[in-house]
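Residue numbers (the working numbering): 43 to 185.
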């Protein structure tokens, strides 16, 4: 009999707690998402201002017809810089901003003297998020 009462209490507690979960804000929403609409894997790096300096980070390998959340917090910058290449190293985006990248997973602070700091230079596209909290960029076939 006690087992039945314990199960009943558990069910009642779950029933009463359920509405609380629907009232909580959705804090897991991604702020900057890149969706790969090409037929191949896209390798993506991003850049943004952080504490007065340019910061670049990579790599996200995004499968064909998939998306990746590359910035998971509310956007704090209007402009996000994106470098995207296919598996042969060909650009998937046209851009005009040169920032530092690396061949392996990286986080680099600063945009100058890439070679002197043992990094490579990559061309990034400036994406204007229009000061939105969230943004999705769609990659299509090469420009």
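Glycine residues also receive a C-beta, built at the ideal position from the N, C-alpha and C atoms.
Note that the structure is predicted; figures quoted are calculated from it, not measured.
Quick one: what does DSSP say residue 163 is sitting in, helix, strand or coil?
Strand, per DSSP.
Proximal residues to residue 178 (C-beta, below 7 Å), its chain only, five neighbours per side dropped
Cβ neighbours of residue 178 beyond the five flanking positions: 75 and 77.
Residues in its own chain within less than 6 Å of residue 182 by CB, not counting five upstream and five downstream?
Taken in chain order, the residues that qualify are 79.
Pick helix, strand or coil for residue 130, following the three-state DSSP scheme.
Here residue 130 sits in coil by DSSP.
Starting from the C-beta of residue 62, find all residues in its chain whose C-beta is less than 8 Å away, skip the five residues before and the five after it, and write them out in chain order.
Confidence at residue 62 is low in this model, with a pLDDT of 42, below 50, so the placement of that residue should be treated as unreliable; the coordinate-derived value is given next. Within the same chain, no Cβ atom closer than 8 Å to the Cβ of residue 62 is found once the five residues on either side in sequence are excluded.
Selected residue, minimal CA-CA separation from residue 87, among 135, 173 and 154
Closest in alpha carbon position to residue 87, among 135, 173 and 154, is 135.
Cα separation between residue 176 and residue 95?
In this structure, the CA atom of residue 176 is about 22 Å from the CA atom of residue 95.
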